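Going by the numbering used here, the letters in the sequence shown line up with residues 69 to 241, in that order.
A quick write-up on the structure given underneath.
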Amino acid sequence: KAVVSTQSTGEDFSRYRSLLQSIRSAEEAYNDGSKIIFLLTEADLRYLAENIWGAQSVLSQWEDTYDLTLVRWNRRQEWSPWNCVLLTNEEARAHSKLTKPEEAYGPVFTQKIKYRHILGKQYFSSMPKLADYMSKNLTSINMPLPSNAEKVMYGGRKKEAEKVSLPPLTEAK
C-alpha cells in the first residue's frame, strides 16, 4: 500500500481534524498538563498516522481511518508522537485499561512500537515548535534499537520500509 502524497484535499484533512480534536479532548480529560498534542496540526497528525504507523492499526492492520485513533502507549506519560499507538477505537478502549502494555503485548510487538516511537521522536523533534518544548520540558528518552530491528519490524522485507518512507535504522544514543 503506497503512502498518500502530502498534497491533500479538504476531505483528507477533515478526518485528521476530527482525530486531533478527539485526542485533545481525551488529553484534557487526563488533567495531567499534557501539552504536546496542542502543538500539533492536522498535517502533523496525518504524517504520524500515515508515515510512522502506516495508516493502519498496529494490532489488526485495520485501515479505515474513521475507525482508527492514536492513544497513549503508556497511559502514565503524556500523549506524544513517541508515546502513542495507532489502534481501532475498540482496540484503544481495551489498550487504555492496560497498566503495563509491554508485558501484555510481549517483547517482539513492543519492539515494533518502540521503533515507531523512535521514528516519531526523530521526525517531530526536528520541528521548531516541538524541539523548543522538548528542550524545556522533557528528559531524554533512551530507546536503543535492537540489532535486528529491521527484521523485527518488517520480517526482513525491505519493500515494507520503502512503502512508508522510513528513515534508515540508527542506534539511539
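Virtual Cβ for every residue (Gly too), placed ideally from N, Cα, C.
Bear in mind that the values here come from a model prediction, so they are computed numbers and not experimental data.
Bridge partners of Val153, per DSSP?
Note: Val153 sits in a beta bridge opposite Val139.
The alpha helix (DSSP H) spanning Ser193 covers which residue range?
175-193
Using the C-alpha atoms, what's the distance from Tyr201 back to Ser125?
28 Å
The alpha helix (DSSP H) that contains Asn205, what's its start and end?
196-205
Using C-beta distances below 7 Å, list every residue in its chain close to Ala199, excluding the 5 sequence neighbours before and after it, in chain order.
Ser193
Relative to the C-alpha of Ser128, which residue among Cys152, Gln145, Ala160 is closest?
Ala160
Who are the Cβ neighbours of Asn157 in its own chain at under 7 Å, not counting the five residues just before and after it?
Excluding sequence neighbours, Asn157 sits near Asp135, Thr137.
Please go through the same chain and pick out, in chain order, the residues whose beta-carbon is closer than 6 Å to the beta-carbon of Ile120, but skip the five residues on each side of it.
Arg184, Leu187, Gly188
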